[in-house]
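Structure first, then comments.
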Amino acid sequence: MSVAAFTIGSFGDILAVLQLAWEIRKSLSDAAAASEEIQTLITDINSFRHALDSAHSTLKRAPHVPQSVHNGVAHIMRVCTTLLRQVQAKVSVRQKELVKKHGARIWRGVWAACAWEILGGKADVEKMKRRLLEQTVALQTLLSVLQSDALGQIDKRAEEDHTTMQRMLELLQAFPALMKFDVVPFTFFLRNPSSWCSARAGVTPMTRLTLEVRMLFSQLRKDNNASTHRDFSS
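Sequential numbering from 1 applies to the sequence shown in the UniProt record's numbering.
Encoded structure:
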């Protein structure tokens with residue numbers, strides 16, 4: 001599965017939807033006192049904004065986003081943008097009509113008293129809420145896919161680390177055969193000033209690779225010298 005960085009443009013799509021939702025929520029606040037339905041709608045919009053904000057944070061922390069998730073999020077944001085702009089357009093049409101005929105003051109009074117009806121009543125509002133909920137569920141599903149992919153990467157890394165550690169243990173077990181009695185004891189200085197390690201006494205994880213290279217190089221040099229000596233003798 002191909003991966004792609006979550007782009008600034010995609011982040012911008014989420015932020016744009018958050019801004020639209022905030023503008024609608026702010027406008028509804030002016031009519032909340034006159035209608036329980038509007039109060040409930042504000043609560044639903046707050047939940048929607050919280051879900052988007054959480055998704056934004058999750059995607060921002062992800063180092064890579066699978067292309068399928070990237071495309072899915074972009075599609076969801078387009079659908080949400082269309083839904084919210086339809087709500088804004090419906091309100092804007094009525095606002096322009098009333099402001100033109102009666103002035104802004106009359107509009108504010110009508111909006112405060114009749115916002116629910118201006119939005120289309122129960123049928124239109126419930127339809128809009130249902131579609132936004134569908135997009136929220138789809139977004140959460142995509143985030144689950146992203147998290148599953150991240151867990152898969154963690155499992156893969158853990159398996160690689162296990163293989164590396166197993167190899168290091170095997171090398172440690174092979175060290176006594178490489179270390180001869182004529183090797184002068186020496187110590188390695190570790191990052192922790194209070195810790196010292198004798199090459200014959202034991203090896204800490206920080207020095208294993210260095211010790212392996214030195215011991216193998218020493219053994220290869222001895223084998224090479226022995227081979228050269230045999231060639232001269234013959």
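Cβ atoms here follow ideal geometry from the backbone N, Cα and C, with glycine treated the same way.
Every unbroken alpha helix (DSSP H) within the region 30-90, with a cutoff of 4 residues, ordered by chain: Correct list: 36-61.
Short Cβ contact (7 Å threshold) for T58 with L143: Taking 7 Å as the Cβ cut-off, T58 and L143 qualify as a contacting pair.
Exposed unless 16 or more other CB atoms sit within 10 angstroms - verdict on A31: That one is buried.
Beta-carbon proximity of L119 to V110, cut-off 7 Å: Against a cut-off of 7 Å, the Cβ pair of V110 and L119 comes out as no contact.
Identity of the residue in K127, E134, L83, L41 nearest S29 by Cα: Of the candidates K127, E134, L83, L41, the one whose C-alpha sits nearest the C-alpha of S29 is L41.
Terminal residues of the alpha helix (DSSP H) in which G109 lies: Boundaries of the alpha helix (DSSP H) around G109: 104-118.
Between the CA atoms of K90 and L146 - distance to the nearest angstrom: Roughly 36 Å between the two C-alpha positions.
Distance between T164 and Q19 (C-alpha atoms, nearest Å): Rounded to whole angstroms, Q19 to T164 spans 49 Å at the Cα level.
Straight-line Cα distance separating H70 from K60: Roughly 12 Å separates the two Cα atoms.
Cβ-Cβ separation, W116 to I24 (assumed contact under 8 Å), whole Å: I24 to W116, Cβ: 14 Å. No contact.
Residues near Q95 by beta carbon distance below 8 Å, same chain, minus five either side: In chain order, W107, W111 place their CB closer than 8 Å to the CB of Q95, counting only its own chain and leaving out the 5 sequence neighbours on each side.
H102 versus R130 - alpha carbon distance: Roughly 35 Å between the two C-alpha positions.
C-beta contact flag for A55 and L139 at 7 Å: Contact flag set, yes.
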